[in-house]
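A.B. asks: In the working numbering, the protein residues as written are 5 to 206. Below is one structure. I have some questions about it.
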């Protein structure tokens with residue numbers, strides 16, 4: 005990530021194209037942080053190339069959104085055959101994918117809508133599972149689009165306004181992501197504990 009950010013900085017006038025391409029790779033599970041790409045793009049817009057602010061925003065938005073489609077169609081087109089690929093099998097745990105599929109069956113639209121805000125590789129698992137489960141593409145576009153607009157706009161705007169303190173901001177976002185992930189983990193454990201206890205009581 006450090007090398008990529010340095011490369012983007014050195015080619016700031018074309019950063020929107022670089023960020024877009026990087027996010028497309030992230031959709032294929034290449035380890036590139038979507039959140040950091042959004043933050044750094046906003047910092048560039050605020051401090052280095054303010055004339056490209058709208059281009060940078062569209063670069064991160066379209067990169068994040070369209071890369072989700074790639075992950076969706078990967079799951080929809082190839083299906084379970086994907087686990088015959090060693091790289092893929094290492095990147096996506098089959099049990100987690102099955103669990104996400106159960107969430108889709110129980111909560112439908114809300115699973116994708118809420119999951120869009122969860123980092124640490126959860127997003128790609130959601131998009132892939134939507135494709136594996138053959139969710140209607142129109143429904144996928146709508147739910148993911150709403151979440152993508154909200155999350156990208158909020159994070160880009162925040163980073164833009166405090167762009168000169170980008171190192172502090174990146175540290176804050178990493179801490180927030182850890183807190184958010186921990187909160188979801190605790191909530192999930194509590195939910196399953198409650199369900200198991202309720203089942204045992206009956």
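Note that beta-carbon positions come from the ideal geometry of N, C-alpha and C, so glycine has one too.
1) So the candidates are 116, 159, 8, 34; which of them puts its Cα closest to the Cα of residue 149?
2) Could you tell me the alpha carbon to alpha carbon distance between residue 118 and residue 151, rounded to whole angstroms?
3) When DSSP labels each residue in this structure, what does residue 139 get in the three-state scheme?
4) Taking residue 18 as part of the alpha helix (DSSP H), name the residues at either end of that continuous run.
5) Would you identify the three-state DSSP class for residue 12, choosing helix, strand or coil?
6) Pairing CB atoms from the segment 135-143 with CB atoms from the segment 41-54, are three or more of them under 8 Å?
7) Name the two residues that bound the continuous alpha helix (DSSP H) containing residue 86.
8) Please identify the residue among 16, 58, 76, 25 whose C-alpha is closest to the C-alpha of residue 136.
9) With residue 106 as the anchor, note down where its alpha helix (DSSP H) starts and where it stops.
10) Under 8 Å by Cβ, that's how I've got residue 23 and residue 12 pegged, so tell me the actual separation to the nearest angstrom.
11) Residue range of the alpha helix (DSSP H) that residue 32 falls in?
12) Measure the CB-CB distance between residue 60 and residue 105 and report whether it falls below 8 Å.
13) Can you have a look at residue 164 and say buried or exposed, based on whether 16 or more other CB atoms are within 10 angstroms of its CB?
C.D. replies: In brief:
1) 116
2) 8 Å
3) coil
4) In the DSSP annotation of this structure, residue 18 is not part of any alpha helix (DSSP H), being labelled neither H nor E.
5) helix
6) Here the segment 135-143 does not lie against the segment 41-54, with fewer than 3 beta-carbon pairs under 8 Å apart.
7) Unbroken run through residue 86: none, as it is neither H nor E.
8) 76
9) 98-111
10) Between the beta-carbon of residue 23 and that of residue 12 there is about 7 Å, and that keeps the pair under the 8 Å contact cut.
11) From DSSP, residue 32 is part of no alpha helix (DSSP H); its letter is neither H nor E.
12) no
13) Residue 164 is buried by the Cβ-count criterion.
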